[in-house]
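J.:
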Amino acid sequence: MLADSQASPRPLRLVLLAGMCACVSLGFASARLRGLLLNSLWLSVGAVAIAVPLGTLLALAITKTTLPGRKSLQWMLLAWLFVPLFVQAAAWQAALGQGGWLIPPGNLYDQGVLLSGWTAAVWVHGLAGVPWVALLVAAALLTIPREAEEDALLDAPPWKVLLAVSVPRAKAGILTGALWVAVVCLGEITVTDLFQVRTFAEEVYTSASVGSLSGPIVPLVDDAGQVDFATSDLVWGTVIAVCLVLILLAAIVNWLPSAHFFSLDESWRWQLDRATIPLAVVTWLAMTNLIGVPLVSLVGKAGTQATRTEAGVVREWSPTKAATLIARSPWEHRREMSWSLAIGAIAATLATVFGVLIAWALRTGWLPLSFTAILLATMFALPGPLIGVWLIRLLNHSADSPWAWLNSWYDDTILAPILAQWMRTLPLATLLIWSQFASISQQVLDSATSEGANWWRQLVQIAIPLRASVILAAFGLSLIVAVGELAATILVLPPGVSTLSVRIFGLVHYGADDQVSAICLALALITGIGTIAVAWLLGRLNPAGQPYASQHDRLE
0 MLADSQASPR PLRLVLLAGM CACVSLGFAS ARLRGLLLNS LWLSVGAVAI AVPLGTLLAL
60 AITKTTLPGR KSLQWMLLAW LFVPLFVQAA AWQAALGQGG WLIPPGNLYD QGVLLSGWTA
120 AVWVHGLAGV PWVALLVAAA LLTIPREAEE DALLDAPPWK VLLAVSVPRA KAGILTGALW
180 VAVVCLGEIT VTDLFQVRTF AEEVYTSASV GSLSGPIVPL VDDAGQVDFA TSDLVWGTVI
240 AVCLVLILLA AIVNWLPSAH FFSLDESWRW QLDRATIPLA VVTWLAMTNL IGVPLVSLVG
300 KAGTQATRTE AGVVREWSPT KAATLIARSP WEHRREMSWS LAIGAIAATL ATVFGVLIAW
360 ALRTGWLPLS FTAILLATMF ALPGPLIGVW LIRLLNHSAD SPWAWLNSWY DDTILAPILA
420 QWMRTLPLAT LLIWSQFASI SQQVLDSATS EGANWWRQLV QIAIPLRASV ILAAFGLSLI
480 VAVGELAATI LVLPPGVSTL SVRIFGLVHY GADDQVSAIC LALALITGIG TIAVAWLLGR
540 LNPAGQPYAS QHDRLE
């Protein structure tokens with residue numbers, strides 16, 4: 000089907016408006032804020048430079064070649080997709096940090112650190128973004144009509160067709176993957192705090208932790224004469240971050256019309272012959288570096304024990320110790336895991352309920368798509384510490400304030416972390432549910448309307464029963480994301496409450512020791528298995544890969 004090849008002027012107007020707002024905000028920003036934003040930008044650029052090429056390579060191998068084991072590659076990427084960032088950071092610290100297993104053996108106290116600072120932050124963020132880029136680009140590659148690629152085969156070899164036809168037509172997926180990686184870098188503090196890299200989100204977290212963001216909008220000066228992070232910088236930094244995200248979103252929308260065709264036929268694949276072995280070696284080496292090294296590092300660190308000899312303290316590895324610690328770690332952290340599941344389950348339930356309502360309002364035209372998309376994208380893109388700071392200001396007030404009654408909700412309940420995780424998971428749940436509500440046949444809805452079914456009855460009696468499996472999957476993914484959320488949750492937990500993510504984040508600052516590695520490995524396995532289970536459920540209910548509407552949309 001041929002689409003209109005001319006881009007809509009709306010994205011261009013959005014780019015101009017967001018660009019003007021960003022420039023004005025930069026004019027009011029302090030020199031320190033501009034430096035922090037520049038650091039965030041460099042971190043994003045470095046991570047994108049790692050994630051996009053590697054993710055695109057894996058996407059091509061999975062969707063556009065006959066590479067043996069490509070299904071296994073896909074499942075491995077899915078399993079690694081939602082593994083929390085602090086787990087991946089701890090894994091690389093176990094590999095290349097103090098006492099890492101990839102550091103040459105010798106005296107334990109004579110070893111250096113191979114991964115630290117900017118290099119570590121860029122490396123961890125870049126590799127964490129590879130699965131997202133790979134799956135987003137793979138989805139874009141599957142929309143390319145095989146006729147376009149087969150016609151190009153008449154004049155060029157397969158590898159040139161991939162570079163000249165397949166990759167350019169998948170630029171929307173590539174750009175979306177780059178946006179995802181950049182937004183995560185802008186909003187996360189897990190890696191930057193661990194490796195001491197100063198970014199905007201990290202500065203917000205640090206300032207909020209010491210309480211310097213609770214005062215008036217004036218700059219503070221510390222003992223060294225350095226201007227502290229002021230509340231005004233918080234406001235202008237937020238505006239700039241949102242404007243940058245809107246510019247990137249508008250750029251993606253502007254690229255989308257270039258995908259002129261869609262095809263329901265099976266995608267064309269390069270029939271590998273002599274290229275099988277070289278491509279397999281490169282692809283599986285990439286997967287080994289992406290997943291194998293971190294997992295092996297956690298297993299190795301969990302089983303490491305120090306033995307004192309005449310030459311000094313030497314490391315040894317015990318499989319018995321590794322197996323014992325890994326099996327025992329969930330029970331030892333049962334309190335933190337219970338809080339994580341309780342808070343995450345409530346937040347995921349709220350995200351799913353609101354996601355159903357918003358998605359149905361979008362499907363029936365009760366909400367404008369553009370405004371809602373911008374609002375959800377902004378909610379997703381906001382740095383986690385900013386959400387935490389806003390929740391603190393919403394719920395924490397002085398004793399003489401008319402809103403002082405909210406203090407008990409902030410200090411004595413888990414309302415604040417629930418709201419933080421709800422805000423982080425709502426965009427994901429809404430997107431997944433809306434994508435399936437949009438496929439419900441309009442004829443079914445028109446028939447229900449003619450029989451007197453209103454908006455609510457159509458939702459309860461038609462949409463939810465037809466899409467119950469997708470709603471369940473949205474809850475599962477929201478729960479996985481909520482349990483791993485750290486950047487916003489860490490600022491708003493009440494006294495006496497600690498989630499697993501906050502507990503591990505605190506421990507990993509002292510090094511990825513055996514106990515930290517064991518619980519990180521257990522959490523990675525649980526998250527990976529849970530993600531695969533959700534994907535398997537969706538695939539089992541829709542094995543042909545066709546829209547759900549074609550299978551279930553009928554009135555009894």
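Heads up: the sequence shown begins at 0 in the working numbering, then just goes up one per residue. Even glycine gets a Cβ: it sits at the ideal position worked out from N, Cα and C. The model shown is predicted, which means the values in this text are computed figures rather than measured ones.
#1: Note down the Cα distance separating L324 from T526, rounded to an integer number of angstroms.
#2: Looking only at its chain, what residues have a beta carbon closer than 8 Å to the beta carbon of I200, apart from the 5 residues adjacent to it on each side?
#3: Measuring CA to CA, which of N288, E148, L113 and W338 is closest to T412?
#4: If distances are taken between C-alpha atoms only, which option among W454, L153, L471 and I239 comes closest to G26?
#5: Which whole-angstrom value is the C-beta distance of V480 and L427, which I expect to be below 8 Å?
#6: Please say whether P130 and L522 have beta carbons closer to each other than 8 Å?
#7: Could you say if the stretch 317 to 336 and the stretch 300 to 309 meet the contact criterion of at least three C-beta pairs nearer than 8 Å?
#8: Which word fits D445, buried or exposed, when buried means at least 16 other C-beta atoms lie within 10 angstroms of its C-beta?
#9: State whether the stretch 399 to 411 contacts the stretch 370 to 382, with contact taken as three or more CB pairs (one from each stretch) at a distance under 8 Å.
#10: In whole angstroms, give me the CA-to-CA distance for D399 and S231.
#11: Looking at the structure shown, is R307 part of a helix, part of a strand, or coil, going by DSSP?
#12: Take V136 as the anchor and find which of A50, G116, L66 and F370 has the nearest alpha-carbon.
#13: Identify the continuous alpha helix (DSSP H) that holds V51 and give its terminal residues.
#14: Once DSSP output is grouped into helix, strand and coil, what is the label at E187?
#15: Work out the CA separation of L490 and S208 for me, nearest whole Å.
#16: Around the C-beta of S328, are 16 or more other C-beta atoms found within 10 angstroms, so that it is buried, or is it exposed?
#17: Output the distance between the C-alpha atoms of L42 and Q460, rounded to the nearest integer angstrom.
#18: Measure from the alpha carbon of G483 to the alpha carbon of each residue in S500, G495, A472 and Q457, then state which is nearest.
#19: Which residue from A346, C242 and A78 puts its Cα closest to that of L524?
#20: Helix, strand or coil: how does DSSP classify E315 here?
#21: For chain C, is any of its Cβ atoms less than 8 Å away from the one on A169?
#22: I want to know whether the stretch 59 to 66 touches the stretch 155 to 170 - three or more CB-CB distances under 8 Å.
#23: Measure the beta-carbon distance from T429 to A358 and round it to whole angstroms, keeping in mind my assumption that it falls under 8 Å.
#24: Rounded to whole angstroms, what's the CA-CA distance from L141 to T205? Just pull it up for me.
#25: For a test of the three-state rule: what should DSSP assign to W365, helix, strand or coil?
#26: Name the two residues that bound the continuous alpha helix (DSSP H) containing S407.
T.: Walking through what the data contain:
#1: Residue 324 sits at position 325 when you count from the first residue of the sequence shown. Residue 526 sits at position 527 when you count from the first residue of the sequence shown. Approximately 18 Å between the Cα atoms of the pair.
#2: Numbered from 1 along the sequence shown, position 201 holds the residue referred to as residue 200. Correcting the residue identity first, residue 200 is Ala in this sequence and not Ile. If we look at A200 and ignore the five residues flanking it on each side, its Cβ neighbours are S39, L185, G186, E187, I188, T191, P382, G383, P384, L385 and A486.
#3: Against the sequence shown, residue 412 aligns to sequence position 413. Comparing Cα-Cα distances from T412 to each of N288, E148, L113 and W338, the minimum goes to W338.
#4: Indexing the sequence shown from 1 puts residue 26 at position 27. It is I239 whose Cα lies nearest to the Cα of G26.
#5: On the sequence shown, position 481 is the one that residue 480 refers to. On the sequence shown, position 428 is the one that residue 427 refers to. Going by Cβ atoms, the distance from V480 to L427 rounds to 6 Å, so yes, they are a contact pair.
#6: Working through the sequence shown from its first residue, we reach residue 522 at position 523. Working through the sequence shown from its first residue, we reach residue 130 at position 131. Contact flag unset, no.
#7: yes
#8: Position 446 of the sequence shown holds residue 445. Exposed.
#9: The answer is no - the stretch 370 to 382 does not touch the stretch 399 to 411, with fewer than three Cβ pairs under 8 Å.
#10: Position 400 of the sequence shown, counting from 1, holds the residue named residue 399. Position 232 of the sequence shown, counting from 1, holds the residue named residue 231. Approximately 25 Å between the Cα atoms of the pair.
#11: Here residue 307 is taken as the residue at index 308 of the sequence shown, counted from 1. In this structure, R307 counts as strand in the three-state DSSP scheme.
#12: The residue given as residue 136 occupies position 137 in the sequence shown. Of A50, G116, L66 and F370, the residue nearest in Cα terms is A50.
#13: Here the question's residue 51 lines up with position 52 in the sequence shown. Counting along the chain, the alpha helix (DSSP H) containing V51 begins and ends at A30 to T62.
#14: Along the sequence shown, one-based indexing puts residue 187 at 188. DSSP places E187 in coil when its eight states are reduced to three.
#15: Along the sequence shown, one-based indexing puts residue 208 at 209. Along the sequence shown, one-based indexing puts residue 490 at 491. The straight-line gap separating the alpha-carbon atoms of S208 and L490 is approximately 7 Å.
#16: In the sequence shown, the residue the question calls residue 328 occupies position 329. Counting Cβ neighbours within 10 Å, S328 comes out buried, since at least 16 surround it.
#17: In the sequence shown, counting from the first residue as 1, residue 42 sits at position 43. In the sequence shown, counting from the first residue as 1, residue 460 sits at position 461. Approximately 48 Å, taken between the alpha carbons.
#18: Reading the sequence shown from its first residue, position 484 is the one you call residue 483. Closest option to G483, Cα to Cα, is S500.
#19: The count along the sequence shown starts at 1 and reaches residue 524 at position 525. For L524, the nearest C-alpha among the options comes from A78.
#20: As a working note, residue 315 is residue 316 in the sequence shown. Strand.
#21: Absent from the structure: chain C. Only one protein chain is present.
#22: The stretch 59 to 66 vs the stretch 155 to 170: in contact.
#23: Within the sequence shown, numbered from 1, the residue matching residue 429 stands at position 430. Within the sequence shown, numbered from 1, the residue matching residue 358 stands at position 359. Right, their Cβ atoms sit about 6 Å apart.
#24: On the sequence shown, position 142 is the one that residue 141 refers to. On the sequence shown, position 206 is the one that residue 205 refers to. If I take the Cα positions, the gap works out to 43 Å.
#25: Residue mapping note: residue 365 aligns to position 366 of the sequence shown, counting from 1. Coil, per DSSP.
#26: For the purposes of this step, residue 407 is identified with residue 408 of the sequence shown, where counting begins at 1. First-last of the alpha helix (DSSP H) with S407: N406 to D411.
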